[in-house]
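Take a look at the structure set out below.
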Amino acid sequence: MTELTAEPAAAERAAAERGRLMPMLFGAMHAQVLHTLTRLGVADRLADGPATARQLASGTGTQPAALYRLLRAGAALGLFALDGERFELTEGGRLLCADAPGSIRNLVLLFGGDAVWRSWGRLEYSVRTGQTAFEQVTGLPTFEYLAAHPDEEAVFNAAMAEHTREVAPAIAARCPLDGRGRVADLGGGNGALLAGLLTANPGVRGVLHDTASGLRDAERVLTEAGVRDRCEIVTGDFFDSVPEGCDAYVLKSVIHDWDDEAATRILRRCREAMAPGAVLYVAEPVVPDDPTRLADAAGTLMSDLNMLVCAGGRERTEGEFRSLLARAGLRLDGVARCDPPVNYWVLAAGGAGT
Ligand SMILES: C[S@@+](CC[C@H](N)C(=O)[O-])C[C@H]1O[C@@H](n2cnc3c(N)ncnc32)[C@H](O)[C@@H]1O
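Heads up: take any position in the sequence shown, counting from 1, add 2, and you land on my numbering.
Laid out in structure tokens, this is it:
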């Protein structure tokens, strides 16, 4: 009796697990459906109204029958509705349009694009060697590669901003700036977060610091956000120095790009620049120490692998942040989680001994 009941239960469990694992495997195909539709500009073409595969093929330089199959697969993923032979954008499909609110167009182009895609295909190389697959695939460290490929850098910067724009209000809510005159966003890209911080704090002035290529779109982003008149844009290298004497410093999604040694150097430059009483806010995902919480942190752990494969950095636990800050002469004063669904924590640090 025992055997009879045990066997079907094991088979059922295996079938359920297969049902859970198979979509993970085919997720790679889903990502390329999104990517190819985006590269072809299909969503932007459908923004004005539905069209058939034949109509879309003539404008996209594609073979009508093959494009039909791609569109049909996109419909299966909920990107289009089919009205007879015409494909119509759904709310999800609209997020692939360049100017849609909440667009993920550049994130799709970045993560489905050649350099990142091929790097993830070499995850095994990174795990075997501890080295960055991106560098093996492209021949250059990430930010050097981007600086040498302006089209891809524009996509990278826009992708960062697409993500940061969405999380900026939640992060700003965890970075109190009351009474603080000047906040510097280091490695702040095109200013999507600084715009959010200054919008939330009308009395505060901002300094946006990044490399020349990282700042390429900053003028436009800060102007469109209506905060350009309260902002200084400073070109520099945060391994050399960062703007001095600000009352608050912010590093969002910067420290996780780097290994401990490089991250410590950035934090030291912050420590040296901070006036007495200044605060440093580090906004990043935090890896849970508790192994029973790992399943809830799957997104953070995928990002950790992305840092291994594409950047040479890592996501960190609170304890790891504490040690890193201490190595740079900083003291962790508090950790605040952003309101879900935003998967970021803000770690507040001050100068040790101040
Ligand atoms: C992952 S992005 C994050 C951008 C922005 N903080 C955000 O969260 O949207 C990392 C940023 O660090 C900048 N960066 C890389 N190396 C740098 C350096 N040596 N000095 C200053 N900024 C640098 C990049 O240009 C890029 O804007």
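Don't be surprised by glycine CBs; every beta carbon is placed ideally from N, CA and C. Just so you know, these numbers come straight off a predicted model, no measurement behind them.
Partner residues in the beta bridge of H211, as assigned by DSSP, are L188, V236.
Taking one beta carbon from each stretch, the stretch 291-300 and the stretch 258-266 have fewer than 3 pairs nearer than 8 Å; the two do not touch. Assignment of beta-bridge partners to F82 by DSSP yields L91. For F136, the Cβ stays outside the 7 Å cut-off from all heavy atoms of ligand 1. In this structure, L112 has its CB at a distance of at least 7 Å from all heavy atoms of ligand 1. Within the DSSP bridge table, the entry for G353 names L332 as partners. Sequence-distant Cβ neighbours of G190 in its own chain, meaning closer than 7 Å and more than five residues away, are L196, L210, H211, D212.
The C-beta distance from S215 to E155 rounds to 6 Å, short enough to meet the 8 Å contact threshold.
Between A202 and P171 the beta-carbon gap is near 7 Å, inside 8 Å, which marks them as a contact. Given a length threshold of 4 residues, each whole run of the alpha helix (DSSP H) inside the stretch 153-208 is given here in chain order: 194-202. Residue state for E246 is assigned as coil, using DSSP reduced to three classes. Between the stretch 219-233 and the stretch 245-256 there are fewer than three inter-stretch CB-CB distances shorter than 8 Å, so the stretches are not counted as touching. Under DSSP, W347 forms a beta bridge with E286, R339. In this structure, the CA atom of A275 is about 29 Å from the CA atom of A161.
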